[in-house]
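Asker: In the UniProt record's numbering, the protein residues as written are 1 to 359. In this text, a Cβ means the ideal position worked out from N, Cα and C, and glycines have one as well.
(1) Quick check: what's the CA-CA separation for residue 83 versus residue 35?
(2) Buried or exposed for residue 46, please, with buried defined as at least 16 other CB atoms from any protein chain shown within 10 angstroms of its CB.
(3) On a Cα-Cα basis, can you pick out the residue from 233, 261 and 256 that is closest to residue 209?
(4) Take residue 264 as the anchor and find which of 73, 300 and 245 has the nearest alpha-carbon.
(5) Just the Cα atoms here: how many angstroms apart are residue 234 and residue 241?
(6) With DSSP as the reference, identify every bridge partner of residue 193, one or two as the case may be.
(7) Buried or exposed for residue 30, please, with buried defined as at least 16 other CB atoms from any protein chain shown within 10 angstroms of its CB.
(8) Pair every Cβ in the segment 281-296 with every Cβ in the segment 310-319, then say whether three or more of these pairs are closer than 8 Å.
(9) How long is the line joining the alpha carbons of residue 168 and residue 207, rounded to whole angstroms?
(10) Does the segment 139-152 come close enough to the segment 175-189 that 3 or more CB-CB pairs lie under 8 Å?
(11) State the DSSP-derived secondary structure class of residue 24, mapped to helix, strand or coil.
(12) If we call anything under 9 Å between Cβ atoms a contact, is residue 11 one with residue 61?
(13) Where residue 228 and residue 49 are concerned, what is the direct C-alpha to C-alpha distance, given to the nearest angstrom?
(14) Mind checking which residues open and close the alpha helix (DSSP H) that includes residue 305?
(15) Using the DSSP secondary-structure output, state which residues sit across from residue 43 in a beta bridge.
(16) By Cβ distance, which residues of its chain are closer than 7 Å to residue 302, with the 5 residues on each side in sequence left out?
(17) In the DSSP output, which residue or residues are listed as bridge partners for residue 15?
(18) Taking its Cβ as the centre, do 16 or more other Cβ atoms sit within 10 Å of residue 16, making it buried, or is it exposed?
(19) Can you list, in chain order, the residues of its chain whose CB lies under 8 Å from that of residue 256, leaving out five sequence neighbours each side?
(20) Expressed to the nearest angstrom, what Euclidean distance is found between the alpha-carbon atoms of residue 213 and residue 174?
(21) Using 9 Å as the threshold, is the C-beta distance between residue 376 and residue 67 below it?
(22) Beta-carbon separation of residue 291 and residue 178 under 9 Å?
(23) Distance check for residue 199 and residue 304, CA to CA, integer angstroms please.
(24) Looking at residue 190: is its Cβ nearer than 9 Å to the Cβ of residue 306?
(25) Less than 9 Å between the beta carbons of residue 51 and residue 65, yes or no?
(26) Alpha carbon to alpha carbon, how far is residue 269 from residue 309? Give it in angstroms, no decimals.
(27) Can you give me the C-alpha to C-alpha distance between residue 20 and residue 78, rounded to a whole angstrom?
(28) Taking a contact to mean a Cβ-Cβ separation below 9 Å, would you say residue 139 touches residue 180 in this structure?
(29) Give every residue of the same chain whose Cβ lies closer than 6 Å to the Cβ of residue 294, excluding the five residues on either side of it in the sequence, and list them in chain order.
(30) Is residue 63 near the ligand GDP, in the sense that its beta carbon is under 8 Å from a heavy atom of that ligand?
(31) Look at the alpha carbon of residue 172 and the alpha carbon of residue 166, and state the distance between them as a whole number of angstroms.
(32) Taking the beta carbon of residue 5 as the centre, do at least 16 other beta carbons fall within 10 Å, making it buried, or is it exposed?
(33) Could you give the distance in angstroms between the alpha-carbon of residue 149 and the alpha-carbon of residue 258?
(34) Evaluate residue 201 with the Cβ neighbour count: other Cβ atoms within 10 Å of its Cβ, from every protein chain shown; 16 or more gives buried, anything less gives exposed.
(35) Shortest alpha-carbon distance to residue 153 belongs to which of 246, 217 and 37?
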């Protein structure tokens with residue numbers, strides 16, 4: 001497909017790339033005018049040839065004074081030059097409109113389609129799981145399917161795939177995810193052994209983690225509507241980060257256990273809260289050593305599971321490091337603060353924990 005012909009540059013007669021500051025110009029003359037037009041009155045431009053230099057694409061760099069004068073003479077408008085702030089605002093508006101149209105960058109789109117190259121089925125018996133690991137993994141899988149996947153299938157029949165414009169609407173839409181994850185976690189024996197107070201604290205501290213990790217597995221809305229909703233509710237910066245996070249998580253959806261294990265491990269982090277708005281001493285757990293011990297159980301199982309799916313020990317280390325780096329990236333301050341404390345979700349946590357404990 002041939003490129004569109006924009007004619008010749010009015011300044012130097014090179015091939016034009018389009019209208020720039022009101023006049024067809026080439027890229028070098030566009031950049032020259034943007035750099036120099038705003039310097040008039042601050043920087044002096046002096047011609048060595050009495051202001052009579054020939055400006056062509058071969059000699060356009062020979063005299064800045066005559067070149068700038070010709071830019072103004074052919075009609076280039078200094079008032080159309082955007083400041084850095086104005087250009088940033090325009091680029092942000094373009095990005096918002098692109099996201100609202102559901103257009104994902106090609107590189108990110110490609111990542112969504114690719115399973116992790118580091119995970120394959122290993123035939124090396126040295127890297128096999130222990131018999132007890134198989135039982136625990138089976139329990140985790142069944143607990144997730146019976147609580148989260150079943151809830152998603154039921155919810156799909158009730159909730160339309162629409163775009164949301166407020167945090168309240170969005171929280172209502174994803175509240176079923178959180179309730180389902182609470183029920184899932186209450187079927188994890190180590191988690192269920194903690195006191196009600198500690199379970200409530202862990203869930204409150206890790207609401208954002210649960211929402212982000214379970215989102216790709218349980219999201220009801222299409223990717224396009226999710227992007228538009230994120231942009232409407234959180235703004236362009238957080239929407240971009242959520243898209244990046246979802247793209248990274250997407251590779252793990254091809255594996256039946258990775259994300260489920262990660263949810264358990266991250267929730268069993270007594271000091272991993274991502275909300276920095278306030279420090280509440282009531283959120284400090286009573287049994288941090290017990291929580292740490294429980295987390296270690298599942299970290300070791302995750303490691304052995306990755307070994308069982310990897311071609312070699314080296315591949316397993318690379319994949320494990322990739323998971324750690326991904327989690328560290330989530331600790332960016334803007335992501336830490338994206339989930340405000342919500343009395344509504346605190347009530348959901350309290351009620352669901354107490355209800356499940358009574359069963």
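Answerer: Here's the rundown:
(1) For residue 83 and residue 35, the distance between alpha carbons rounds to 11 Å.
(2) It is exposed - the Cβ of residue 46 has fewer than 16 other Cβ atoms within 10 Å.
(3) 261
(4) 300
(5) Cα to Cα, residue 234 sits roughly 10 Å from residue 241.
(6) Note: residue 193 sits in no beta bridge, so no partner.
(7) buried
(8) Segments in contact, no.
(9) 15 Å
(10) yes
(11) strand
(12) no
(13) Residue 228 and residue 49: Cα-Cα distance of roughly 58 Å.
(14) Where residue 305 is concerned, the enclosing alpha helix (DSSP H) starts and stops at 288-309.
(15) Assignment of beta-bridge partners to residue 43 by DSSP yields 40.
(16) 261 and 265
(17) In the DSSP assignment, the residues bridged to residue 15 are 8.
(18) buried
(19) Excluding its 5 nearest sequence neighbours in each direction, residue 256 has C-beta neighbours in its own chain below 8 Å: 141, listed in chain order.
(20) Their backbone Cα atoms lie some 12 Å apart in a straight line.
(21) No answer is possible for residue 376: the residues shown for the chain start at 1 and end at 359.
(22) no
(23) 27 Å
(24) no
(25) Going by C-beta atoms, residue 51 is nearer than 9 Å to residue 65.
(26) 25 Å
(27) 11 Å
(28) no
(29) 190 and 268
(30) This structure lacks the ligand GDP, and indeed carries no ligand of any kind.
(31) Taking the straight line from one Cα to the other gives about 10 Å.
(32) Per the 10 Å Cβ criterion, exposed.
(33) Taking the straight line joining both Cα atoms gives about 16 Å.
(34) Per the 10 Å Cβ criterion, buried.
(35) 217
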